[in-house]
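Read the structure below first, then the notes.
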Amino acid sequence: MNEVQLIDLILDRLGSVGRDARLKVGPGDDAAVVAWQSDREMVVSTDVCIDGVHVPNSCRGDLVGYRSVAMCVSDLVAMGALPRYLTIALTVEHADTEWITDFAEGVRDGCEAASTVVIGGNLAKGNKQVTITGIGMVPCAQSIQRNTARPDDDIWITGRLGASVLAVSTIASWVPQPLSELKHLTSTDVFARYLIPPIRTNFVSCLRDCASACTDISDGLAFELEQLVLGSTNSYHVDTREIPLWPEVEIEEVFVRDDSYELLFTASKQHREIVLSHAQDSGTPVSRIGRIQSTSKRVFVPEGVVIGTVSGYSHF
Numbered sequence: 000m001n002e003v004q005l006i007d008l009i010l011d012r013l014g015s016v017g018r019d020a021r022l023k024v025g026p027g028d029d030a031a032v033v034a035w036q037s038d039r040e041m042v043v044s045t046d047v048c049i050d051g052v053h054v055p056n057s058c059r060g061d062l063v064g065y066r067s068v069a070m071c072v073s074d075l076v077a078m079g080a081l082p083r084y085l086t087i088a089l090t091v092e093h094a095d096t097e098w099i100t101d102f103a104e105g106v107r108d109g110c111e112a113a114s115t116v117v118i119g120g121n122l123a124k125g126n127k128q129v130t131i132t133g134i135g136m137v138p139c140a141q142s143i144q145r146n147t148a149r150p151d152d153d154i155w156i157t158g159r160l161g162a163s164v165l166a167v168s169t170i171a172s173w174v175p176q177p178l179s180e181l182k183h184l185t186s187t188d189v190f191a192r193y194l195i196p197p198i199r200t201n202f203v204s205c206l207r208d209c210a211s212a213c214t215d216i217s218d219g220l221a222f223e224l225e226q227l228v229l230g231s232t233n234s235y236h237v238d239t240r241e242i243p244l245w246p247e248v249e250i251e252e253v254f255v256r257d258d259s260y261e262l263l264f265t266a267s268k269q270h271r272e273i274v275l276s277h278a279q280d281s282g283t284p285v286s287r288i289g290r291i292q293s294t295s296k297r298v299f300v301p302e303g304v305v306i307g308t309v310s311g312y313s314h315f
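Using numbering that gives the first Met the number 0, you'd call the opening residue of the sequence shown number 0 and step up by one each time.
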């Protein structure tokens with residue numbers, strides 16, 4: 000079984016404990032949405048950052064801390080929520096005070112970038128990994144799901160894709176650098192962009208105003224495109240020439256392996272100017288790469304450029 004099939008199996012066995020009257024969006028999306036107060040809903044997501052999988056083996060603590068926060072916060076932003084609180088469970092093989100101090104400083108910098116606060120967690124001995132639960136808030140009825148795109152909607156992405164692909168493929172030659180140095184290089188250095196993903200909280204207002212669907216890109220662009228039309232008879236038309244890429248990256252690899260944590264979203268054609276205005280005001284680069292269509296055929300222009308269009312990364 001692959002990752003999606005295993006999640007479906009777990010949800011089936013959970014039965015009624017995976018459902019509740021206050022649960023507006025349940026398991027299966029980027030985050031859960033729960034009715035909370037009369038004017039707002041709570042958005043909750045959990046992410047695991049595993050040594051040797053989501054970060055290089057024996058990665059610096061400050062980079063693990065920052066990347067772990069960014070990974071978790073990305074899911075909240077994709078739902079249209081502003082992050083508020085985090086709980087962090089850290090598992091390490093031994094009490095390496097230098098590494099743990101660096102980790103805490105990386106978490107601090109990530110939280111400052113996301114305007115969020117750590118409110119608790121857990122520390123245990125074992126194989127190194129970080130598990131973060133993020134809690135955000137969104138006004139009632141303004142959360143965004145990832146499979147609610149409509150026919151004729153534009154498809155947009157933020158940022159550039161492919162840095163993570165290039166970094167992972169050449170990580171053996173990378174000379175580790177501290178977070179304080181790399182954070183100034185994220186627009187030019189693939190390792191900096193890979194280890195310090197963008198935190199797009201300043202784009203949340205655009206998503207709430209315009210997006211009909213949204214997800215973050217963590218398992219390859221092809222997989223995330225499928226999420227936009229999952230469970231519907233819709234499909235998509237994508238012009239791969241409009242996808243902004245890092246130099247020298249292959250588009251096929253971006254479709255299968257990219258985990259840039261950029262946003263992939265859809266919006267009505269009538270909202271194009273509003274999207275571009277939000278992008279300019281927030282300093283967020285955006286690109287319109289295609290459209291949702293009401294037929295079942297996936298179309299890529301130019302034809303034949305994409306291999307394995309519906310595959311993406313799976314842990315299993």
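Ideal Cβ positions, reconstructed from N, Cα and C, are used throughout, including at glycine.
- DSSP, reduced to helix, strand and coil, places R66 within a helical segment of the structure shown.
- Taking one beta carbon from each stretch, the stretch 116–129 and the stretch 172–187 have fewer than 3 pairs nearer than 8 Å; the two do not touch.
- Annotation for W155: the continuous beta strand (DSSP E) segment containing it runs 153–157.
- Contact annotation: V72 and A123 have beta-carbon atoms that are not nearer than 8 Å.
- Spanning the alpha carbons of L194 and D208 requires a straight line of approximately 30 Å.
- When DSSP reads this structure, R240 sits in no beta bridge, so it has no partner.
- Per DSSP, T86 is not a residue of any alpha helix (DSSP H); the beta strand (DSSP E) it occupies stretches across 81–91.
- For the pair E111 and S295, the Cα-to-Cα distance works out to about 43 Å.
- The continuous beta strand (DSSP E) containing I291 extends over residues 285–292.
- Counted as a single uninterrupted DSSP element, the beta strand (DSSP E) harbouring W35 occupies residues 31–36.
- In terms of Cα proximity to A34, the closest of D95, G64, C139 is C139.
- For V72, the three-state secondary structure derived from DSSP is helix.
- Straight across, the Cα-Cα distance linking R287 with E241 is about 7 Å.
- 8 Å or more divides the Cβ of R192 from the Cβ of T157.
- Classified as exposed, N126 has fewer than 16 neighbouring CB atoms from the shown chains inside 10 Å of its CB.
- Of V237, R83, E272, V54, the smallest CA-CA separation from F254 is found for V237.
- For G105, the uninterrupted alpha helix (DSSP H) run begins and ends at 96–113, by DSSP.
- Within its own chain, the residues whose Cβ lies closer than 8 Å to the Cβ of Y260, once the five positions on either side in sequence are excluded, are A69, M70, S73, P196, P197, D215, I216, S217, listed in chain order.
- Apart from the 5 residues on each side of it in sequence, S163 sits with its Cβ closer than 7 Å to the Cβ of Y193, D257, D258, S259 in its chain, given in chain order.
- Non-local C-beta neighbours of L220 in its own chain, meaning closer than 6 Å and more than five positions away in sequence, comprise V253, F254, D257, ordered along the chain.
- Excluding sequence positions up to five before and after A148, its CB lies within less than 7 Å of the CB of S211, A212, L227, V228, N233, T265, I291, all in the same chain and listed in chain order.
- It is roughly 14 Å from the alpha-carbon of P301 to the alpha-carbon of E249.
- Rounded to the nearest angstrom, the gap between the Cα atoms of R66 and L89 is 14 Å.
- Residue state for V164 is assigned as helix, using DSSP reduced to three classes.
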